[in-house]
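Below is one structure, written out as structure tokens; the observations come after it.
Numbering (the numbering used here), first residue to last: 1359 to 1532.
This is the structure:
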């Protein structure tokens, strides 16, 4: 997939007979799914297709979407399995000092503020409910570190040099 797109969910089923679709979101931000906005659908084969969101509503662990171009269950069924993308340029701006999108931190070097020793690079991020966790992989040592994204640990995001500076709590790296 091209770099200007960001994966935000997957169509897993239809909902009702009027062509609504059930989506598993890959984001906890409702900003990504805005009525009136554009989404880009990509099946396993074929080109990217643009759709306009007519209606969006949360439903249990899913979102129910109504697309302006889809009006019947038969049309919606052809979209099951498609990935849903948005353009990265459509994301709302963040406070770069304290906020980030997961795709932005992937690959950042993680270094200790007090010694400048680098632990490795962020492999991926997951959320625990209370905060994000950065999974940092050290190739040389073949070791993973779980770094919580909390104020007591995060010192600074250096976006220019792609480094996350941390001040680990006692026992965090053991």
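Here a beta-carbon is modelled for each residue, glycine too, at the ideal position from N, C-alpha and C.
Cβ shell of residue i (< 7 Å), same chain only, five flanking positions each side left out
i, result
"residue 1435", "1372"
"residue 1521", "1466, 1467 and 1469"
"residue 1506", "1489 and 1491"
"residue 1390", "1366 and 1444"
"residue 1513", "1471, 1523, 1524 and 1525"
Contact set for residue i: own chain, Cβ-Cβ below 8 Å, skip 5 residues either direction
i, result
"residue 1420", "1370, 1380, 1381, 1382 and 1383"
"residue 1430", "1375, 1376 and 1377"
"residue 1527", "1510 and 1511"
"residue 1411", "1391, 1392, 1393, 1394, 1395, 1396, 1397, 1423, 1424, 1425 and 1426"
"residue 1417", "1373 and 1380"
Where residue i falls: helix, strand or coil (DSSP)
i, result
"residue 1400", "strand"
"residue 1510", "coil"
"residue 1496", "strand"
"residue 1373", "strand"
"residue 1529", "coil"
"residue 1478", "strand"
"residue 1501", "strand"
"residue 1523", "strand"
"residue 1489", "coil"
"residue 1378", "strand"
"residue 1361", "coil"
Exposure of residue i, with buried meaning 16 or more beta-carbon neighbours within 10 Å
i, result
"residue 1398", "buried"
"residue 1480", "buried"
"residue 1442", "buried"
"residue 1424", "buried"
"residue 1408", "exposed"
"residue 1452", "exposed"
"residue 1503", "buried"
"residue 1508", "exposed"
Inter-residue CB distance, residue i and residue j (contact presumed, cutoff 8 Å)
i, j, result
"residue 1478", "residue 1495", "5 Å"
"residue 1393", "residue 1413", "6 Å"
"residue 1446", "residue 1362", "6 Å"
"residue 1461", "residue 1530", "Residue 1461 to residue 1530, Cβ: 25 Å. No contact."
"residue 1483", "residue 1463", "6 Å"
Cβ shell of residue i (< 6 Å), same chain only, five flanking positions each side left out
i, result
"residue 1385", "1366"
"residue 1450", "1389"
Uninterrupted beta strand (DSSP E) stretches inside the segment 1387 to 1470 (no shorter than 3 residues): 1396 to 1400, 1407 to 1417, 1420 to 1425, 1441 to 1445 and 1467 to 1470
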